[in-house]
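Chemist: Residue numbers (the UniProt record's numbering): 1 to 260. Backbone N, C-alpha and C define an ideal beta-carbon position, used for all residues, glycine too. Just so we're clear, the structure is a prediction, and the values are computed from it rather than from any experiment. Next up is a structure, given as structure tokens.
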Amino acid sequence: MPRFAANLSMMYNEHAFLDRFAAAAADGFQAVEYLFPYEHPAAELRARLDANGLTQALFNAPPGDWAAGERGLASLPGREAEFRDAIGRALEYAGVIGNDRVHVMAGLVPADADRARYRATYLENVAYAAKAAAAQGVTIVLEPINTRDMPGYFLNRQDDAQAICKEAGAANLKVQFDCYHCQIVEGDIAMKLRRDMAGIGHIQIAGVPERHEPDLGELNYPYLFDLIDSLGYQGWIGCEYRPRAGTSEGLGWLKPYLGR
């Protein structure tokens, strides 16, 4: 049966961030994810999870200067020391909060960049992150992101992400398969899920093309959920979408799965 995690960075924006945990639990979610935890003490976040019977599915490692437009450090030559510090901070939080998945963002690459140099940096950095995370049972995930939403992002395709993971050779390095991003860049989602499931460490969903609830748009999510189940996926499916109106009011799509 699919297991869904509410993405608190996009959902429940009707509430202050720390109140979103209770709102998600009240709607039947058993897990949450979000972009970054670092504005709040890890112990406070763990307390919110425990008070509401929630599991932390995932968060992102520090991405550099997000407010200035940075979208990750992993592929950026010359930022290796900062990247390692970011991984250390993410694992400190994970150790308290209890999640076993951390997403590492690749970063933005200039159009005229030497991509081979960026790829070499990326490979070295994600291998380091996986080795550091293995000591506490954490899996590092890499997410291909579409170039419409994030122009210049280093990693865009599922096959490229899978190749990086294979080359790094770490058992705890997997791909974060976001159906929204994949549909925009590549399509053929069902076949890619079948091809790559052994290397997928986390799945996310949203309607395409507007990134609203998964009950509208060009993807047949009930079919995909059944397929994901049949392929033996045991992880959480992160609901990383922007509600059309109120979050709770838009959860009609979820109710059949809560009752299973």
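1. Is the beta carbon of residue 77 less than 9 Å from the beta carbon of residue 117?
2. Using the Cβ count rule (16 or more neighbours within 10 Å means buried), how would you classify residue 230?
3. Of all the options 103, 110 and 149, which has the alpha carbon lying nearest to the alpha carbon of residue 130?
4. Residue 105: buried (16+ other C-beta within 10 angstroms of its C-beta) or exposed?
5. Can you tell me where the beta strand (DSSP E) holding residue 267 begins and where it ends?
6. Count the other C-beta atoms from every protein chain shown that fall within 10 angstroms of the C-beta of residue 115, then say buried if there are 16 or more, exposed otherwise.
7. Which residues mark the beginning and the end of the beta strand (DSSP E) in which residue 141 is found?
8. Per DSSP, residue 3 forms a beta bridge with which residues?
9. Is it the case that the stretch 153-169 contacts the stretch 185-196, given that we only count it when at least three CB pairs across the two stretches are under 8 Å?
10. Taking the CB atoms as reference points, tell me whether residue 225 and residue 180 lie closer together than 9 Å.
11. Indicate whether residue 122 and residue 87 have their beta-carbon atoms separated by less than 9 Å.
12. Would residue 175 pass as a contact of residue 205 if the rule is Cβ separation under 9 Å?
13. Taking its Cβ as the centre, do 16 or more other Cβ atoms sit within 10 Å of residue 240, making it buried, or is it exposed?
14. Under a Cβ-count criterion, where at least 16 other Cβ atoms within 10 Å of its own Cβ denotes burial, should residue 162 be classed as buried or exposed?
15. Under the rule that 16 or more other beta-carbon atoms within 10 Å means buried, what is residue 50, buried or exposed?
16. Please identify the residue among 52, 72 and 96 whose C-alpha is closest to the C-alpha of residue 41.
17. So the beta strand (DSSP E) residue 265 belongs to, where does it begin and stop?
18. So what does residue 72 bridge to, in DSSP terms?
19. Quick check: what's the CA-CA separation for residue 190 versus residue 128?
20. Please report how far the alpha carbon of residue 43 lies from the alpha carbon of residue 55, in whole angstroms.
21. To which residues does DSSP link residue 31 through a beta bridge?
22. Applying the criterion that 16 or more other CB atoms from any shown protein chain within 10 Å of the CB defines a buried residue, is residue 232 buried or exposed?
23. Using C-beta distances below 8 Å, list every residue in its chain close to residue 27, excluding the 5 sequence neighbours before and after it, in chain order.
24. Name the DSSP beta bridge partners of residue 153, please?
25. If I measure Cβ to Cβ from residue 19 and keep anything under 7 Å in the same chain, skipping five residues before and after, which residues do I get?
26. Along the chain, where does the alpha helix (DSSP H) containing residue 97 start, and where does it finish?
27. Residue 202 bridges to which residues according to DSSP?
28. In this structure, how does DSSP classify residue 117 when only helix, strand and coil are distinguished?
Modeler: So, from the data block:
1. yes
2. exposed
3. 103
4. buried
5. Nothing about residue 267 can be reported from this structure: the residues present for the chain run from 1 to 260 only.
6. exposed
7. 139-142
8. 236
9. yes
10. no
11. no
12. no
13. buried
14. buried
15. exposed
16. 96
17. Nothing can be reported for residue 265: it is not among the residues displayed for the chain, which extend from 1 to 260.
18. 106
19. 31 Å
20. 14 Å
21. 5 and 55
22. exposed
23. 6, 247, 248, 251 and 254
24. 108
25. none
26. 80-97
27. 176
28. helix
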